[in-house]
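Working notes, structure below.
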Amino acid sequence: MDKDIFLTNSLSNKKEKFVPINEKKIGMYVCGPTVYDDPHIGNARPLVVFDILFRVLKCRYGKTPVTYVRNITDVDDKIIKSAQENNTFISDLTRKIIKNFSEDCKFLNCETPSEQPRATDHIDLMIKMISELIKKDFAYENKNHVYFQVNKFNDYGKLSNKKLEDLIAGSRVEISENKKSPEDFVLWKPSIKDEPFWESPWGKGRPGWHLECSAMSKKFLGKKFDIHGGGIDLLFPHHENEIAQSRCANDTEVFANYWIHNAFITISNEKMAKSQGNILKIKDFKDKISGQVLRFALISSHYKQPLDWNDKLLDDCKNTIEKWYTVYLSLKTPSKIPDDILLPLYDDLNTPGYIANLHKLFDKAKNGNDNDKKIFISACNFIGILKETKTEWLNFKRKKSLMTDGDIFKKIELRNKARENKDYKEADKIRDELSNKGVLIEDKDGKTSWKIK
RNA sequence: GGCCACGUGGCGGAAUGGUUACGCAGAGGAUUGCAAAUCCUUCCAUCCCAGUUCGAUUCUGGGCGUGGCCUCCA
18 MDKDIFLTNS LSNKKEKFVP INEKKIGMYV CGPTVYDDPH IGNARPLVVF DILFRVLKCR
78 YGKTPVTYVR NITDVDDKII KSAQENNTFI SDLTRKIIKN FSEDCKFLNC ETPSEQPRAT
138 DHIDLMIKMI SELIKKDFAY ENKNHVYFQV NKFNDYGKLS NKKLEDLIAG SRVEISENKK
198 SPEDFVLWKP SIKDEPFWES PWGKGRPGWH LECSAMSKKF LGKKFDIHGG GIDLLFPHHE
258 NEIAQSRCAN DTEVFANYWI HNAFITISNE KMAKSQGNIL KIKDFKDKIS GQVLRFALIS
318 SHYKQPLDWN DKLLDDCKNT IEKWYTVYLS LKTPSKIPDD ILLPLYDDLN TPGYIANLHK
378 LFDKAKNGND NDKKIFISAC NFIGILKETK TEWLNFKRKK SLMTDGDIFK KIELRNKARE
438 NKDYKEADKI RDELSNKGVL IEDKDGKTSW KIK
């Protein structure tokens, strides 16, 4: 569909029409994981949200022009700390978490980004960028540290709508004797003891947190690109600092044109945080629930709204998908999704609006012909739902059952004999028994069928 | 303290200057030995106050409330 796409841009805090720099070369950079711990459902939200934006962009501009870069930050204080706590080598930790991360992405039906660069593969580019910043007098060295001097960059605070005075007045910024000013942030710092290090003009050390995104976005997307995304918490200071570094190093007026931020997930209305002890990891769901249910739950509210995670949400999502599978048929080629159905996604990724349209398509498919069904399935597939076959879906549920098919069959036979003898008490007893084991009985048109709850 | 977002029926959740989606739950009915499933029908909402307007839930201002960011965080 070639209608306009609209996105809420954090730079203006308004919904804007998306106008790419070059329609034939669209660039999107999304902040990926810092690999110090297994991904949780909070991490899953941007994964799914930007996966859908990736699909929408490809739908509008074609597959080849869209480049989606999602970095992996594999050098960071949190990683060092986590490795120490777990008594493991940093490389073993990051390797393991990266593997888990990529499995979780698959579980959530996310498409693979065009590029997934790692910070540790790009230290040379970061060093180059720091040198550039020092040369241009935006950064200074002091005692093997290099800092970005924030007050040299006039547009600092524009993205997060913060005034420099307020930041300093709040004085919650890290004070350090090495800094000229408390709001300055570190570009390079020395490594002590057995911390990982790289050789640099400022001694053995490692890069500051924000630098990898500046260096790697430049490598893969250029000095200027279209979309930069991530969780709302990254707005400040991470993205603000990225803008400062990149624009000063690259002599540009623009870093990314559109900044997209997704809101947080809460657990039963409480913030999900380690201190609350309510972190839900993605892998904890794997045995219980299909990835597409998780995915569906994650897009059940608009990405700018906080999303509350609870059992009812998952139940509702599971039941909806269960219902939708009743009209499932496998597709050789996807059908064209009608423009008016697709429209909500073009309007700032309105996934709940799109889901409402799916319900309407379902109603049509239910009473309609194969073509209606194909359109419905295609529309589901577009957002990564109903990708697994009906058999796969049923098998997943089957695995959770405590009974074998033979056992169930025998019980049903017994029950039907009891029903023939009008011994309904016995029949109902057997039905309850099965129900307690997760097997649901349905008598329809004189036949008895069963399914896993 | 500074900045920002949000407040829609029992719940979740869109949209909109005039008739307020969609899902779940509820009610009634069909069906059933009873259920389940399915189908049909149906009830229920825009935080408060003022302003603009022929008309506001939607725009503006004020109030109240909730949440977020300002420090690691998706």
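In the numbering used here, the protein residues as written are 18 to 470. Here a beta-carbon is modelled for each residue, glycine too, at the ideal position from N, C-alpha and C.
Quiz prompt | Alpha-carbon to alpha-carbon, residue 72 and residue 115 | solution = Locating residue 115 in the first sequence gives position 98, where the first residue counts as 1. Locating residue 72 in the first sequence gives position 55, where the first residue counts as 1. The alpha-carbon atoms of residue 115 and residue 72 are separated by roughly 23 Å.
Quiz item: Which residues in the same chain have their Cβ closer than 6 Å to the Cβ of residue 363, if we skip the five residues on either side of it in sequence?
Solution: Residue mapping note: residue 363 aligns to position 346 of the first sequence, counting from 1. The answer, listed in chain order, is 20, 22.
Self-check item: Residue span of the alpha helix (DSSP H) that contains residue 226, given as start and end
Solution: Here residue 226 corresponds to residue number 209 of the first sequence, with the count starting at 1. First-last for residue 226: undefined, no H or E at that position.
Quiz prompt | Chain-order list of residues whose beta-carbon lies under 7 Å from that of residue 345 (same chain, five-residue window excluded) | solution = In the first sequence, the residue the question calls residue 345 occupies position 328. Same-chain partners within the cutoff: 394, 403, 407.
Quiz prompt | For residue 378, the nearest candidate out of 340, 453, 282 (CA to CA) | solution = As a position in the first sequence, residue 378 is number 361, starting the count at 1. Taking only the C-alpha atoms, the option nearest residue 378 is 340.
Quiz item: Going by DSSP, what residues sit across from residue 324 in a beta bridge?
Solution: The residue you call residue 324 lines up with position 307 of the first sequence. Under DSSP, residue 324 shares a beta bridge with 282.
Exercise. Have a look at residue 253 and residue 223 and give me their C-alpha separation to the nearest angstrom.
Key: The residue given as residue 253 occupies position 236 in the first sequence. The residue given as residue 223 occupies position 206 in the first sequence. Going by the C-alpha atoms only, they are around 22 Å apart.
Self-check item: DSSP bridge partner residues for residue 469 (one or two, in chain order)
Solution: Walking along the first sequence from the start, residue 469 turns up at place 452. Per DSSP, the beta bridge partners of residue 469 are 456.
Practice problem: Assuming residue 279 and residue 63 form a contact by the criterion Cβ under 8 Å, report the distance between their Cβ atoms to the nearest whole angstrom. | Solution: Position 262 of the first sequence, counted from the first residue, corresponds to residue 279. Position 46 of the first sequence, counted from the first residue, corresponds to residue 63. Taking C-beta atoms under 8 Å as the contact rule, residue 279 and residue 63 qualify, at a distance of about 5 Å.
Practice problem: Determine which residues share a DSSP beta bridge with residue 24 and list them. | Solution: Position 7 of the first sequence, counted from the first residue, corresponds to residue 24. Partner(s): 33.
Quiz item: Looking only at DSSP bridge pairs, what is residue 87 linked to?
Solution: Working through the first sequence from its first residue, we reach residue 87 at position 70. According to DSSP, residue 87 bridges with 47.
Quiz item: In the DSSP assignment, what are the bridge partners of residue 120?
Solution: Working through the first sequence from its first residue, we reach residue 120 at position 103. Its beta-bridge partners do not exist; DSSP assigns none.
Exercise. Tell me whether the beta-carbon of residue 275 lies closer than 7 Å to the beta-carbon of residue 39.
Key: Here the question's residue 275 lines up with position 258 in the first sequence. Here the question's residue 39 lines up with position 22 in the first sequence. Going by C-beta atoms, residue 275 is not nearer than 7 Å to residue 39.
Self-check item: Given residue 489 as reference, the closest of 111, 398, 132 once Cα atoms are compared
Solution: The displayed coordinates of the chain run from 18 to 470. Any statement about residue 489 would go beyond what the structure contains.
Quiz prompt | Opposing strand residues paired with residue 497 [DSSP bridges] | solution = Examination of residue 497 is not possible in this model, given that the chain is present from 18 through 470 alone.
Quiz item: Would you call the CB atoms of residue 227 and residue 255 closer than 7 Å?
Solution: Counted from its first residue, the first sequence places residue 227 at position 210. Counted from its first residue, the first sequence places residue 255 at position 238. The criterion of a C-beta distance shorter than 7 Å is satisfied by residue 227 and residue 255.
Exercise. Check the DSSP bridge columns for residue 202 and list the partner residues they point to.
Key: Here the question's residue 202 lines up with position 185 in the first sequence. 165.
Quiz item: Taking residue 196 as the reference, which of 220, 171, 156, 235 has the closest Cα?
Solution: The sequence position of residue 196 within the first sequence is 179, counting from 1. Ranking 220, 171, 156, 235 by Cα distance to residue 196 puts 156 first.
Quiz item: Which residues in the same chain have their Cβ closer than 7 Å to the Cβ of residue 168, if we skip the five residues on either side of it in sequence?
Solution: In the first sequence, counting from the first residue as 1, residue 168 sits at position 151. Hits under 7 Å: 181, 198.
Quiz item: alpha helix (DSSP H) containing residue 430: first to last residue?
Solution: Translated into positions along the first sequence, residue 430 becomes position 413. From DSSP, the alpha helix (DSSP H) with residue 430 extends over 422 to 437.
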